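J.: Under my numbering, think of the first position of the sequence shown as 19, with each following residue one higher.
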Amino acid sequence: MERNICPGCNITFSSPHAFLHHLNTDETRCISVLQDSFKIPAPPAFIRSTRETNVTGQYHSKSGFVFGKGETLLDRLRQNEHERRHEIQIHYPFADEGEWSLAKFLALNMTKTQVARYLKLPWFKTRPKPSFGNSDKLFGWLASLPQGPQWHSTKVDMKGFDTVEDIRLIWRNGLEVARDLFSNPVFANHMTYDPHIVMRGTEREYSDFFTGTRAHQIQVSGRA
């Protein structure tokens, strides 16, 4: 039997679909925990002392043109089918904050089958059910809410080698992630679009992609 174990929290899920739902659900921190464990060092530009005066910079002479305005995250939120109702009831399609908290708890901690069983408990025979009523409607409502880039799982076949368990690659579409980051107003004043040279005295400093030689080569070639 195939096991689907989250490497972040070690919870075993009944299917790849349940595992991906766990990763894609808001407030799941497992991927962040894994990323933190790599301890990637901060680039020099982030740790430079503000008292240094020998640092100079120069932007590429042919960069910095604006070709139009893209759609931001806020624009997408305003286009959501529930936007008009959100102006009156921020937790719509859920009845209120309490019901939204219940829905989030069920989605984070139970599979669709387990939610269906929960909503059929005798306890609900004498008490009103949540407005979503059943698991299909609950997950349908959740799917209608604005979402970011989704996690995917792909089985990796090792030619010539048999594995006891399936090996799966957990990934997100890099282009979707880039679009999501560029559309987020939170990062609007913290993103660079122009290749630039940073000099610390007489030595050139490299701290990120746009301070490197490759960024300048792409800009000169006209592909940027």
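The beta carbon of each residue, even a glycine, is placed where N, CA and C say it ideally should be.
Values in this document were obtained by computation on a predicted structure and should not be read as measured data.
So, are the CB atoms of Trp169 and Ile185 less than 8 angstroms apart?
T.: No, the Cβ-Cβ distance between Trp169 and Ile185 is not below 8 angstroms.
J.: In whole angstroms, what is the alpha-carbon distance linking Gly8 and Leu126?
T.: Since the displayed the chain opens at 19 and closes at 242, residue 8 lies outside it and no answer follows.
J.: Tell me the DSSP secondary structure of Trp159 in three-state form.
T.: Helix.
J.: Could you tell me the alpha carbon to alpha carbon distance between Pro59 and Arg103, rounded to whole angstroms?
T.: Here Pro59 scores only 42 on pLDDT, less than 50, and its place in the model should not be relied on; the value that follows carries that caveat. Spanning the two alpha carbons is a distance of roughly 44 angstroms.
J.: Assign Ala233 to one of two classes, buried (16 or more other C-beta atoms within 10 Å of its C-beta) or exposed (fewer than that).
T.: The residue is buried, with at least 16 neighbouring Cβ atoms inside 10 Å.
J.: Return the CA-CA distance between Gly75 and Thr90, expressed in angstroms with no decimal places.
T.: C-alpha separation (whole angstroms): 30 angstroms.
J.: CA-CA distance, Asn98 and Pro167?
T.: Using only the alpha carbons, I get a separation of about 16 angstroms.
J.: How far does the beta strand (DSSP E) with Glu221 in it reach, from first residue to last?
T.: Run containing Glu221: 221-223, per the beta strand (DSSP E) assignment.
J.: Determine the direct distance from the alpha carbon of Thr220 to that of Glu101, and round the result to whole angstroms.
T.: Answer to the nearest angstrom: the Cα atoms are 55 angstroms apart.
J.: Nearest to Asn72 by alpha carbon, out of Val238, Glu223, Thr231?
T.: Answer by Cα proximity: Glu223.
J.: I'd like the list of long-range same chain contacts for Gln53, defined as Cβ closer than 6 angstroms, with 5 residues on each side in sequence excluded.
T.: Confidence at Gln53 is low in this model, with a pLDDT of 47, below 50, so its placement is unreliable and no value can be given for it.
J.: Say whether the region 188-207 touches the region 132-139, bearing in mind that this needs 3 or more beta-carbon pairs closer than 8 angstroms, one atom from each stretch.
T.: Verdict: no, contact absent.
J.: Between which two residues does the alpha helix (DSSP H) holding Thr131 run?
T.: Start and end: 130-137.
J.: Out of curiosity, what's the CA-to-CA distance linking Val195 and Leu163?
T.: Approximately 18 angstroms between the Cα atoms of the pair.
J.: For the beta strand (DSSP E) that Ser33 lies in, which residues bound it at each end?
T.: From DSSP, Ser33 is part of no beta strand (DSSP E); its letter is neither H nor E.
J.: Considering just the uninterrupted stretch of the alpha helix (DSSP H) at Arg218, what are its terminal residues?
T.: Arg218 -> not in any alpha helix (DSSP H); beta strand (DSSP E) instead, spanning 214-218.
J.: May I have the straight-line CA-CA distance separating Gly116 from Lys147, to the nearest angstrom?
T.: So the alpha carbons of these two residues sit roughly 13 angstroms apart.
J.: Here's the rule I'm using: 16 or more other beta-carbon atoms within 10 Å means buried, otherwise exposed. How should Leu124 be labelled?
T.: It counts as buried.
J.: Could you check what DSSP says for Gly192 in three-state terms: helix, strand or coil?
T.: Helix at Gly192.
J.: Are the Cβ atoms of Gly212 and His78 separated by less than 8 angstroms?
T.: Note on identity: in this sequence residue 212 is Asp, with Gly being the wrong assignment. Yes, the Cβ-Cβ distance between Asp212 and His78 is below 8 angstroms.
J.: Rounded to whole angstroms, what is the Cα-Cα separation between Leu95 and Tyr110?
T.: For Leu95 and Tyr110, the distance between alpha carbons rounds to 13 angstroms.
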